[in-house]
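**Q**
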Amino acid sequence: MPTPFVVVVMGVAGTGKTTIGPLLAARLGVPYAEGDDFHPQANIAKMTAGTPLTDDDRWPWLDAIGRWAHDRAGLGGVVSGSALKRAYRDRLRAAAPGIVFVHLTGTRELIEDRMSHRTGHFMPTVLLDSQFATLQPLTADEAGVEVDVSGDPAEITERAVTALDGLTPPRM
Numbered sequence: 724m725p726t727p728f729v730v731v732v733m734g735v736a737g738t739g740k741t742t743i744g745p746l747l748a749a750r751l752g753v754p755y756a757e758g759d760d761f762h763p764q765a766n767i768a769k770m771t772a773g774t775p776l777t778d779d780d781r782w783p784w785l786d787a788i789g790r791w792a793h794d795r796a797g798l799g800g801v802v803s804g805s806a807l808k809r810a811y812r813d814r815l816r817a818a819a820p821g822i823v824f825v826h827l828t829g830t831r832e833l834i835e836d837r838m839s840h841r842t843g844h845f846m847p848t849v850l851l852d853s854q855f856a857t858l859q860p861l862t863a864d865e866a867g868v869e870v871d872v873s874g875d876p877a878e879i880t881e882r883a884v885t886a887l888d889g890l891t892p893p894r895m
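My numbering applies: residue 724 is where the sequence shown begins, and numbers increase by one.
(1) Taking only three categories from DSSP, how would you classify Glu869?
(2) If you run the structure through DSSP and keep just helix, strand and coil, what is Phe728?
(3) Which value, in whole angstroms, describes the spacing of the CA atoms of Phe728 and Ile743?
(4) Starting from the Cα of Ala748, find the closest Cα among Asp813, Gly821, Val801 and Phe824 and give me that residue.
(5) Specify the secondary structure class of Leu798 as computed by DSSP and reduced to three states.
(6) Going by beta carbon distance, what residues of the same chain come within less than 6 Å of Asp780, once the five residues before and after it are set aside?
(7) Rounded to the nearest angstrom, what separates Val884 and Thr741 at their Cα positions?
(8) Candidates Gln764, Ile834 and Leu861: which alpha carbon is nearest Thr738's?
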């Protein structure tokens, strides 16, 4: 039996990380951690005010996610986190070398529409352009898969499971 993956469900705000992450974790039979819960309060206040985070704002958040992923190595787990830049993913991999990424992708129009209908989330739609501007998609040398977010959550989760089934585990 293969060692369970530790998966980071990544993508711009509004792609469904918080919806797909728990569904994927349930399908894989591993725990889920909400990436937003790792943010210090100062980051949440900044985003709530419509101010994009800087790299300096993100490092402690990424380090906290990295520690969680490191502790789940060999056990499996799913955590959500935007991981928009290669440098962010490199930092996560430095903490937990065996992690893999599920990059949730979709058109800006679809994601903006979804964001405009959600309630109770601190990330305003006004920050979507900064998210897309920051995004550096996965490259061929990164362990991960891209999953389109069109359709309902069950369909998206099924695409993610299927894509992960075809993924070769990264070397640790």
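Think of the CB as a built atom: it goes at the ideal place given N, C-alpha and C, for glycine as much as any other residue.
**A** So, from the data block:
(1) As a position in the sequence shown, residue 869 is number 146, starting the count at 1. Strand at Glu869.
(2) By one-based count along the sequence shown, residue 728 stands at place 5. Three-state DSSP puts Phe728 in coil, outside helix and strand.
(3) For the purposes of this step, residue 728 is identified with residue 5 of the sequence shown, where counting begins at 1. For the purposes of this step, residue 743 is identified with residue 20 of the sequence shown, where counting begins at 1. Cα to Cα, the separation comes out at about 16 Å.
(4) Along the sequence shown, read from residue 1 onward, the residue named residue 748 stands at position 25. Checking every option, the nearest Cα to that of Ala748 belongs to Val801.
(5) Residue 798 sits at position 75 when you count from the first residue of the sequence shown. DSSP places Leu798 in coil when its eight states are reduced to three.
(6) By one-based count along the sequence shown, residue 780 stands at place 57. Contacts found: Asn766.
(7) One-based indexing of the sequence shown puts residue 884 at position 161. One-based indexing of the sequence shown puts residue 741 at position 18. Those two C-alpha atoms are separated by around 16 Å.
(8) For the purposes of this step, residue 738 is taken as the residue at position 15 of the sequence shown. Of the listed residues, the one whose Cα sits closest to Thr738 is Ile834.
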